[in-house]
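Written out below as structure tokens is the structure these notes cover.
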Amino acid sequence: MPLIDAPRDQIPTREPPWKDIVLEQHLVRPGEIPEHEHPNLCLHLQIAGDREIEWWQNGRNAIEHTQPGSLIVIPPGTRHRWRWHGSSERLILSVEDDALQQLALQLGAQHPLEIKGAWSILVPSTRLLISEMGREAREGWPLGALYANLLALSLETNLIKNHSSQQIALPRLKGGLGVPKLKRAMEYMSANLAEDIGLEQIADEMGMSPSHFAHEFRNSTGTTPYQYLLHQRLERAKALLKTTKLPIQNVSVLTGFNYPANFVRAFRQRIGQSPDAWRKDHRR
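First residue of the sequence shown? That's 294 in my numbering, and the numbers climb one at a time after it.
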């Protein structure tokens, strides 16, 4: 029987937005995994189960008592073997070392980044970011690649700040909304794709003036609220074109375009094809 099974809640097969991170959800069963090496940083976040894990590394051996929220951090190049004493459900991430090293240099690291290994630690900020990434992945990245990539960057920065063997004074961010407020704004826009919402309505939802919200959103994401909203509308349109037989006029209304001609023009400009032509090429 395999030690790692496919999860009960399968993460969607939609192309993931992350280039440097692989995220999987697994049900880990009791048993031993032979000695092996990790070429990249590996993180295990336990999300269910309350079990023990025994590990062997560099001539050392110990048993760790784990619980939901426990985090395993395995630096790149680590050789070890371990034994699961019970079943547990886990989010498992692999982060490419080159990408992490490059970000560390950008943030002011004076030496090559070294991540501290750990077999069972509780780090709330890291847990929250990994959990949010898992939720977004399970739901098919409803807030789009922009939010998913912001989560990935936040996680990589968190790893450098909280799990590095050297102290790196991260630069203070000037302006921007921060991940929680960005999520709230993006959720509001995504929930109202079929409505003719404007900048004033979004800013009012956030309790900010339109100009302040637009400025801070762009500082945080590098794009304007309008560009994000348009991207989400076109992604919703592609999903409807691919999975339904709705006429173009109906797809236009459901994605917030008052006139089909405006929808067709925007779709052709951004996607490179008319909605009809794209549907013929992508129907299931």
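C-beta atoms are modelled at their ideal positions from N, C-alpha and C, and glycine is treated no differently.
Decide if the region 548–559 is in contact with the region 503–514; the criterion is three or more beta carbon pairs, one per stretch, under 8 Å apart. no
Indicate the three-state DSSP secondary structure (helix, strand or coil) for Trp412 in the structure shown. Numbered from 1 along the sequence shown, position 119 holds the residue referred to as residue 412. Residue state, collapsed to three classes: strand.
If I measure Cβ to Cβ from Glu330 and keep anything under 8 Å in the same chain, skipping five residues before and after, which residues do I get? Looking up residue 330 in the sequence shown gives position 37. Same-chain partners within the cutoff: Gly370, Thr371 and Arg372.
Below 6 Å CB to CB, which residues in the same chain sit around Ala397 once its five sequence neighbours on both sides are set aside? Here residue 397 refers to the residue found at position 104 of the sequence shown. Counting only Cβ-Cβ distances below 6 Å, and skipping sequence neighbours, we find Leu406 and Ile453.
Nonlocal neighbours in the same chain, by C-beta distance under 6 Å from Ala445, ignoring five residues either side: On the sequence shown, position 152 is the one that residue 445 refers to. Trp311 and Ile314, listed in sequence order.
Based on Cα-Cα distance, which residue from Gly500, Ala484, Glu488 and Gln459 lies nearest to Leu470? Numbered from 1 along the sequence shown, position 177 holds the residue referred to as residue 470. Answer by Cα proximity: Gly500.
Between Lys535 and Arg572, is the Cβ-Cβ spacing less than 9 Å? Position 242 of the sequence shown, counted from the start, is the residue given in the question as residue 535. Position 279 of the sequence shown, counted from the start, is the residue given in the question as residue 572. Yes.
For Leu448 and Gln460, what's the separation of their Cα atoms in angstroms? In the sequence shown, residue 448 corresponds to position 155, counting from 1. In the sequence shown, residue 460 corresponds to position 167, counting from 1. About 17 Å.
Segment limits, beta strand (DSSP E) that includes Gln360: On the sequence shown, residue 360 is found 67 positions in, with the first residue counted as 1. No beta strand (DSSP E) holds Gln360; DSSP gives it neither H nor E.
Here's a check: name, in chain order, each residue in its chain whose Cβ is nearer than 6 Å to the Cβ of Gly437, leaving out the five neighbours to either side. Translated into the one-based positions of the sequence shown, residue 437 becomes position 144. Excluding its 5 nearest sequence neighbours in each direction, Gly437 has C-beta neighbours in its own chain below 6 Å: Gln525, listed in chain order.
What's the C-alpha gap between Val321 and Ser387? Locating residue 321 in the sequence shown gives position 28, where the first residue counts as 1. Locating residue 387 in the sequence shown gives position 94, where the first residue counts as 1. Each residue's Cα considered, the two are about 16 Å apart.
Going by beta-carbon coordinates alone, are Gly362 and Pro417 separated by less than 9 Å? Position 69 of the sequence shown, counted from the first residue, corresponds to residue 362. Position 124 of the sequence shown, counted from the first residue, corresponds to residue 417. Result yes, Cβ atoms of Gly362 and Pro417 sit closer than 9 Å.
Measure how close the beta-carbons of Pro503 and Leu486 come, nearest whole angstrom, since I'm counting them as under 8 Å. For this step, residue 503 is matched to residue 210 along the sequence shown. For this step, residue 486 is matched to residue 193 along the sequence shown. With a Cβ gap of about 19 Å, Pro503 and Leu486 do not count as contacting.
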